[in-house]
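Asks: Numbering (full-length UniProt numbering), first residue to last: 1 to 137. For glycine and all other residues, C-beta sits at the position ideal for the given N, C-alpha and C.
In structure tokens:
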């Protein structure tokens, strides 16, 4: 396991469907932001600025699983707890828990790969370097 980082989201009126419930794709948008925030809070620069990894474009999403438990609505504050659950060489699994106070709204896992852009524009997954593993420990 790695550090757990909290990313706070304020639910806006436009995040909700006509019934006043957060439209489910917004959770994917928020967990994606939480994923990026995780590495920044661990002390790493934005992926495109990482001089130790020339051509780094970041960690594209390969797979996502989300389990919804409760709804959320306009005006609420949600906390997204994010951690890397498992490092697997070129890919890693992030776990997210979206909470409203003590209430679990949803939780999910994302599989991501660390990628660089090669000549010709093709992306290539690379092993996660030790300095990233150390920053997240």
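Determine the burial state of residue 88: buried for a count of at least 16 other Cβ atoms within 10 Å of its Cβ, exposed for fewer.
Replies: exposed
Asks: Which residue spans inside the region 10-81 form an unbroken alpha helix (DSSP H) run of at least 4?
Replies: 25-41
Asks: Would you check if there are 3 or more beta carbon pairs closer than 8 angstroms linking the region 85-104 to the region 57-73?
Replies: yes
Asks: Within the chosen definition, does the region 37-56 reach the region 11-26 through at least 3 CB pairs nearer than 8 angstroms?
Replies: no
Asks: In chain order, what residues of the same chain have a beta carbon less than 7 angstroms from the beta carbon of residue 111, not counting five sequence neighbours either side?
Replies: The answer, listed in chain order, is 62, 63, 91, 93.
Asks: Assign residue 13 to one of two classes, buried (16 or more other C-beta atoms within 10 Å of its C-beta) or exposed (fewer than that).
Replies: Under this definition residue 13 is an exposed residue.
Asks: For a test of the three-state rule: what should DSSP assign to residue 114, helix, strand or coil?
Replies: coil
Asks: Can you round the beta-carbon distance between residue 74 and residue 11 to whole angstroms, since I take them to be within the 8 angstroms contact cut?
Replies: Their Cβ separation, rounded to whole angstroms, is 6 angstroms, which keeps residue 74 and residue 11 in contact under 8 angstroms.
Asks: What does the alpha-carbon distance come out to for the pair residue 31 and residue 109?
Replies: 10 angstroms
Asks: Determine whether the beta carbon atoms of residue 37 and residue 7 lie at a separation below 7 angstroms.
Replies: Yes, these two residues count as a Cβ contact at 7 angstroms.
Asks: Would you kindly report the start and end of the unbroken beta strand (DSSP E) that includes residue 137?
Replies: That residue, residue 137, is in no beta strand (DSSP E); it is neither H nor E in DSSP.
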